[in-house]
Amino acid sequence: MKKIIYLIVFSFTVLTSCDLDDYLNKTPLDSITDVDYWKSASDLQLYVNQFYTMLPQFPSWGGGYLWEDNNSDNMA
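This note's numbering runs 1397 ahead of the 1-based position in the sequence shown.
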């Protein structure tokens, strides 16, 4: 009888002490979530800055001599 009471108390303690919501719903420690990052306009500015390197860079405004022929078959 004493073992059954201990088993019931132990089982009850284990089942009530497990709070799975806190255990399963943790924020990642190795990355920033969208909720944490997008809070101000400067966050958007910092994110958009990475795309400026993908834009083509033109050395001069007018393109220079033979500008349109550089990317065509006329240069061959």
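Here a beta-carbon is modelled for each residue, glycine too, at the ideal position from N, C-alpha and C.
Three-state secondary structure (DSSP) of residue i
| i | result |
| --- | --- |
| Ser1428 | coil |
| Leu1452 | coil |
| Lys1436 | coil |
| Asn1422 | coil |
| Asp1469 | For clarity, residue 1469 is Ser in the given sequence; the question names Asp instead. Three-state result, Ser1469: coil. |
Check: residue i C-beta below 6 Å from any heavy atom of the ligand NAP
| i | result |
| --- | --- |
| Gln1442 | Inclusion of the ligand NAP in the displayed structure is not the case, the ligand content being empty and no account of it being possible. |
Cutoff 6 Å; reference residue i; Cβ partners in own chain excluding five residues on either side
| i | result |
| --- | --- |
| Lys1436 | none |
Nonlocal neighbours in the same chain, by C-beta distance under 7 Å from residue i, ignoring five residues either side
| i | result |
| --- | --- |
| Lys1440 | Residue identity differs from the one stated: residue 1440 is Asp in this sequence, not Lys. Excluding positions up to five away in sequence, the list reads Tyr1434. |
| Thr1363 | Lying outside 1398 to 1473, the shown extent of the chain, residue 1363 is not represented and no answer is given. |
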